[in-house]
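First up is the structure itself, then whatever we jot down about it.
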Amino acid sequence: MREFNEVRQDYHRLMSEFHVVRQDYHRLMSEFHEVRQDYHRLMSEFHEVREDYHTLMSEFHEVRQDYHRLMSEFHVVRLDYHSLMSEFHEVRQDYHRL
Numbered sequence: 023m024r025e026f027n028e029v030r031q032d033y034h035r036l037m038s039e040f041h042v043v044r045q046d047y048h049r050l051m052s053e054f055h056e057v058r059q060d061y062h063r064l065m066s067e068f069h070e071v072r073e074d075y076h077t078l079m080s081e082f083h084e085v086r087q088d089y090h091r092l093m094s095e096f097h098v099v100r101l102d103y104h105s106l107m108s109e110f111h112e113v114r115q116d117y118h119r120l
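Counting from 23, one number per residue, gives the positions in the sequence shown under our numbering.
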């Protein structure tokens with residue numbers, strides 16, 4: 023009888039521990055699902071931000087190309103302007119001399 027009581031006490035102790043462990047398991051699984059949802063939400067946001075980044079970088083490169091093209095055109099026009107101003111001053115000097 024004494025052995026039976028010891029076994030019964032062990033059984034109840036183990037069942038009590040099992041319930042604690044099972045509660046911990048369910049709590050951890052619940053936390054895991056929350057974390058997994060957060061992970062998927064953040065990954066989705068990350069992909070959106072990455073797409074925005076690539077779009078903006080593409081726009082930036084286009085604008086930079088336009089800037090360099092316009093600067094190149096500006097330098098050509100500036101050279102033409104200085105050349106014409108030089109010619110104008112020569113013609114004006116000739117005019118005043120006459």
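Where a beta carbon is used, it is the ideal one built from N, C-alpha and C, also for glycine.
Residue range of the alpha helix (DSSP H) that includes residue i
i     : result
Leu78 : 24-119
Residue i versus residue j - alpha carbon distance
i      : j      : result
His69  : Leu50  : 28 Å
Gln59  : Val43  : 24 Å
Glu25  : His41  : 24 Å
Val85  : Glu73  : 18 Å
Arg63  : Met37  : 39 Å
Ser108 : Ser94  : 21 Å
Thr77  : Arg91  : 21 Å
Ser105 : Leu120 : 23 Å
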